[in-house]
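As structure tokens, the structure follows; a few thoughts come after it.
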Amino acid sequence: MAGRVPCNTCAIICSHEKAKPPRPRRIILVRHGQSQGNVDECVYTRVADPKVMLTEQGIAEAEECGREIRKMIERDGAHDWKAYFYVSPYKRSLETLRNLAKAFERSRIAGVREEPRLREQDFGNFQDQEQMKIEKAARKQYGRFFYRFPNGESAADVYDRITGKDVNEVCVSFINSDNGISGSESGFRETLKSDIDVGRFQPPGEQSPDMNIVIVSHGLTLRVFLMRWYKWTVEQFQGLHNFGNGKFLVMERGYGGRYSLLMHHSREELQKFGLTQEMLIDQEWQSHAKPGELNYDCTMTGPSYFTHLDDRQESPG
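Under this note's numbering, think of the first position of the sequence shown as 9, with each following residue one higher.
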């Protein structure tokens, strides 16, 4: 029939996948500057945790952090770079963002999203100072990851909101949604990954390979985010040290497209942060691997659980 498109042509058109937008160059994790609560824990007895503000030193730390981030980005010589920010709604994080952003022109900021799932671990409401000393001692004995504060959260609870639904549920939600995975249906990590895959923070008509994602949050929340991203174990998480106030850690796109801490940081820096030799070996793999590839030799997810077994072949029959 005249004008009819051949079936094989239809198949080619239908099977053609839209090219994915370039992955952001970096994911930069920033801990808020020094807060009133970092200086005097008595503040938590009279001020709600979400309302605790930065100190003057914390403001200076945030401003310096912004300058350092900009210097790092420009060191590569990129001219069309931009930054997109995700920020915890807690006042100290918002103040950190506002002061950090002084180092950027408006044209460099692709967007900002306030993200409640990036909030601080909930230690309860107004906190009794003496009781908190008892609770923190109990946490040390019980285990930092699983201990839940009364009327608050454990690190495991924070992990759940960073992770969200089971991956199979998330996939179903994504398939059935016109707009991708919604925040109510997934953890922050899955939302971020979806945003990366669809290029949600790329300005209309732009496909910049030099986009930088900046996440301004809290020490434990950021460590849990790293734990989820790299699939670290509870034991490995508990060996990590906190970020300094106003300091940042960089996950940079590697040679194959995955994100690795070793693309920016030295092994010595990461060891001080708490990474073990096994974690560093995996970071080396991450720096060369492609998205979607699996590290079958990773000792953290397989062999280390079975060191009590030998390599003898099972006898046939």
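By construction, the Cβ of each residue, glycine as well, lies at the ideal position given by its N, Cα and C atoms.
Item: Nearest-angstrom Cα distance between A27 and K239?; Value: 28 Å
Item: Since I36 sits in a beta bridge, which residues does DSSP pair it with?; Value: V222, V258
Item: At what residues does the alpha helix (DSSP H) containing R169 begin and finish?; Value: 163 to 171
Item: Measure the C-alpha to C-alpha separation of N220 and L317 and round it to an integer number of angstroms.; Value: 45 Å
Item: When you compare the stretch 258 to 276 with the stretch 48 to 61, are there three or more beta-carbon pairs, one atom per stretch, that lie closer than 8 Å?; Value: no
Item: According to DSSP, is G74 part of a helix, a strand, or is it coil?; Value: helix
Item: I36 to F153, Cα distance in whole Å?; Value: 24 Å
Item: State the DSSP-derived secondary structure class of V55, mapped to helix, strand or coil.; Value: coil
Item: Excluding the 5 residues preceding and the 5 following E69 in the sequence, name in chain order all residues of the same chain whose CB lies nearer than 7 Å to its CB.; Value: G41, Q42, N253, G254
Item: Among all the DSSP beta bridges, which residues are the ones paired with F93?; Value: V120, V222
Item: Run through the DSSP bridge pairs and tell me what G43 is partnered with.; Value: First, the amino acid is wrong: residue 43 is Ser here, not Gly. Note: S43 sits in a beta bridge opposite L62.
Item: Using the Cα positions of R236 and Y150, report the straight-line distance between them to the nearest angstrom.; Value: 22 Å
Item: According to DSSP, is D318 helix, strand or coil?; Value: coil
Item: Please go through the same chain and pick out, in chain order, the residues whose beta-carbon is closer than 7 Å to the beta-carbon of N159, but skip the five residues on each side of it.; Value: G132, N133
Item: What residues in its chain sit with their C-beta under 8 Å from that of F112, if we drop five residues either side in the sequence?; Value: G74, R78, A91
Item: Who are the Cβ neighbours of C306 in its own chain at under 6 Å, not counting the five residues just before and after it?; Value: D290
Item: Taking E123 as the reference, give the member of H296, S194, E260, F245 with the closest Cα.; Value: S194
Item: Which value, in whole angstroms, describes the spacing of the CA atoms of A297 and G265?; Value: 7 Å
Item: Rounded to whole angstroms, how far is the Cβ of R197 from the Cβ of I170, which I believe are closer than 8 Å?; Value: 5 Å
Item: Return the chain-ordered list of same chain residues with a C-beta closer than 8 Å to the C-beta of R114, the five sequence neighbours on each side being excluded.; Value: none
Item: Counting only the same chain and skipping the five closest in sequence on each side, list residues whose C-beta sits under 8 Å from that of E301.; Value: G264, R266
Item: Just verifying my parser: in three-state terms, what is the DSSP assignment at S115?; Value: helix
Item: So for Y238, helix, strand or coil by DSSP?; Value: helix
Item: Could you give the C-beta distance for E260 and R33, rounded to a whole number, given that I count them as a contact under 8 Å?; Value: 7 Å
Item: Kindly list the residues whose CB is nearer than 8 Å to the CB of K201, restricted to its own chain and excluding five residues on each side of it in sequence; keep chain order.; Value: none
Item: Going by DSSP in three states, Y267 sits in which element: helix, strand or coil?; Value: strand
Item: Taking the alpha carbon of E64 as the reference point, which residue from D136, K110, K280, E103 has its own alpha carbon closest?; Value: E103
Item: Would you kindly work out how many angstroms separate the C-alpha atoms of K141 and V120, rounded to a whole number?; Value: 37 Å
Item: Are the beta-carbon atoms of R39 and F251 separated by less than 9 Å?; Value: yes
Item: S295 and S268: beta carbons closer than 9 Å?; Value: yes
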